[in-house]
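Below: one structure, written as structure tokens.
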Amino acid sequence: MRSKILILICLFTTLVSAQQKSVIKGILLGHDKKPMPLADVHLIKAPASQSFAGVQVNRDGAFRIETAETGLIVAEFTGVNHGALDIPLLIEKPATIDLTVSLATYAYFDDPAELKLMSDRTDFAFERAQPMQKQPDGTFTIDVETINPTLSYQVFGAERNSRSINGTQSDRYEFDGSGDYRSIVNVKGGKVRIVFDPKKTVRSTAEVEFKFGDPSSPIAKIAEIQQEMTKREILWSTAVTEYVKGGNDFKKFKYDWSASQAGILARLNKENDPLVRQMLLMDYVDTKAKNATSADPAIGARLFKEIPPDSKLWMMPTLPLLNAAGELSGDENAHRQYLDSFLDKNPEMELKTNLIMNQLVSSRLQGDEKSFRLYYDMALKHFGGTDFAKAVQARFTPASNILTGNQLPAFRVKALGDSTKIYTNDTFKGKTVLLDFWATWCGPCVEEMENLQKAYEKFKSKNFEILSLSLDRSPDDVVKFRHDKWKMPWLHTFVTGDEKLTTAFEVVGIPHPILVDGTGTIIAVEEELRGSNLDATLSKFLDSKK
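Mapping the sequence shown onto my numbering, position 325 (from 1) lands on 327, and the numbers just tick up by one.
Right under this line is the structure:
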């Protein structure tokens, strides 16, 4: 009898334990609705970035993963030759979630200019990536020597979103821990030739898809709304790029989201679940953040009233909507009160400090001193005396000095590669000089290189100079970059670690361009010197010069 009781107790305990876990299961496929060579599902507890659980998908695409965690769980779906897909799952209590997911292929360059190899031979260090040689047939090759029986590698430069991805030559694959995969090839005789063939890359226009077994559940609805916002971001970014390429001012850009707004309001009127309603309010305000031609101010006010400051929805990439809601509502007091409440009541310290820091950087770069002052004061009010507040005070100043019309701060830097040559303010007296804080690891900086190169060639005969101030890990990174990619035939210096200089020049993000005239007066900054605006701005000041 005693043994039967013990068995019953164990069985009851097992059942209770099982009921306390959520089960996330389903099918993960590629763009063609077929299983991929290797695929995985990982769970990440927001706002962290590292996964706490994961499973390798079965050969037929089936997966099953259990977790006792609740709150905002991000399910990351990955597969060889495909981009990762993150699906937010807001789990308030243990649940069973069925999902069918198909991924989209990587966005490859049609004709990549250069590729680099990252491998276990160099610990996958980006700064030690080896250039591959482009062959007449369009392939890229590199010979690698290793004493190991296999070589694990990734290719950088083939994918438009700057991902390091698996190659087209593989004997098998392994997950890299960051959403992509590594190719593994067998080595014979201590040497292997790696060939990347763009023609063998898996390409498709099929978009990501996911379907919930219960599409009417709040979990499913919230995930689908988040996906709508992701698609809106892509559409908006593309439209902005085309608008700016046409020589237009981004600040004047508007987009007609009226159809989306009408659909959101229709769903909002029918929805009863509080969390889904909150997500729909965020969805509507997101159209305002994406330069909506018009939007209803009442929705901004409703966001502040209906979404609690400690809502788990703020752990999605939704924090910028706080400012957008304030702008939409037009109620500065409500905006400030909500921020105060958010910083007091939200339990996630990382979330709060990220909000403060991101807004300080963004508002400073955009020259929005009003917004900058708001978040600076918030940082000192809510975090005064902490290391975070001290870091804010050390890195930022309440009033910007790097503004049009101000004198450039005094500086003294050594020429890159020649420590005997010194550049100071006096070096550029009588010249128009563009000071550009940048780094080879900064994607937006590299994207500006073509514009800088064209501008230098066009205006160098008009008493114009460029001084690039590198914030790379090593001066060698700049040397290699100039040898392998852009020549950058102007002046260079290396300023990593020079906090006095970067503080004086208010470098809170890069690229950080500053244009100065022959008297040392700042005549243009930031967006005026980015993209197509660079040529227009330089023409304004230099075309009249001989």
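C-beta atoms are modelled at their ideal positions from N, C-alpha and C, and glycine is treated no differently. Remember, it's a predicted structure, so these values are computed and weren't measured experimentally.
In the same chain as K136, and ignoring 5 residues on each side of it, the C-beta atoms closer than 6 angstroms to its own belong to F142, in chain order. Cβ contact annotation for D113 (same chain, cutoff 8 angstroms, sequence separation greater than five): G140 and P200, in chain order. Remark: three or more beta-carbon pairs, one from each stretch, lie closer than 8 angstroms, so the region 149 to 168 and the region 117 to 127 are flagged as touching. In this structure, the CA atom of K233 is about 22 angstroms from the CA atom of S180. Leaving aside the five residues that flank N535 on each side, the residues in its chain whose CB is nearer than 7 angstroms to its CB run, in chain order, E529. Between Y183 and the set R174, Q395, F255 and T539, the nearest pair of CA atoms involves R174.
Inter-residue distance for L469 and I404 is about 17 angstroms (C-alpha atoms, whole angstroms). Scanning its chain for C-beta atoms nearer than 7 angstroms, with the 5 sequence neighbours on each side dropped, one finds around N408 the residues I524, in chain order. Nearest in C-alpha terms to K502, of all of I221, A396 and N453, is A396.
A distance below 6 angstroms between beta-carbons, with the five flanking residues on each side excluded, links R165 to the following residues of its chain, in chain order: D182. Rounded to the nearest whole angstrom, the C-alpha separation of F198 and T422 is 44 angstroms. In the DSSP assignment, S470 is bridged to D438 and H494. A distance below 9 angstroms separates the beta carbons of L40 and E176. The three-state secondary structure of K27, taken from DSSP, is strand.
Distance from the Cα of V59 is smallest, within the candidate group E71, R269, S206 and G81, for G81. Here F54 is exposed: its Cβ has fewer than 16 other Cβ atoms, across all protein chains shown, within 10 Å. Note: G73 is bridge-paired with I93 in the DSSP secondary-structure output. Rounded to whole angstroms, the separation of the alpha carbons of I266 and L282 is 6 angstroms. In the displayed model, S121 falls within a strand according to three-state DSSP.
Around the C-beta of K431, fewer than 16 other C-beta atoms lie within 10 Å, and the residue is accordingly described as exposed. Shown here, D145 sits in a strand according to DSSP, grouped into three states.
In this structure, the alpha-carbon of N250 lies about 15 angstroms from that of W238. By the criterion of a C-beta distance shorter than 6 angstroms, S365 is surrounded in its chain by S373 and F374, once the five residues flanking it on both sides are discounted.
By the CB criterion at 9 angstroms, W259 and T289 fall inside the cutoff. With distances taken between CA atoms, F128 lies nearest to F483 out of F483, G192 and A222. The DSSP-derived three-state label of N188 is strand. Excluding five sequence positions before and after Q263, the CB atoms of its chain that fall closer than 8 angstroms to its own CB belong to Y286, T289, A294, A297 and D298, given in chain order. In the DSSP annotation of this structure, the continuous segment of the alpha helix (DSSP H) that includes K482 starts and ends at P477 to D486.
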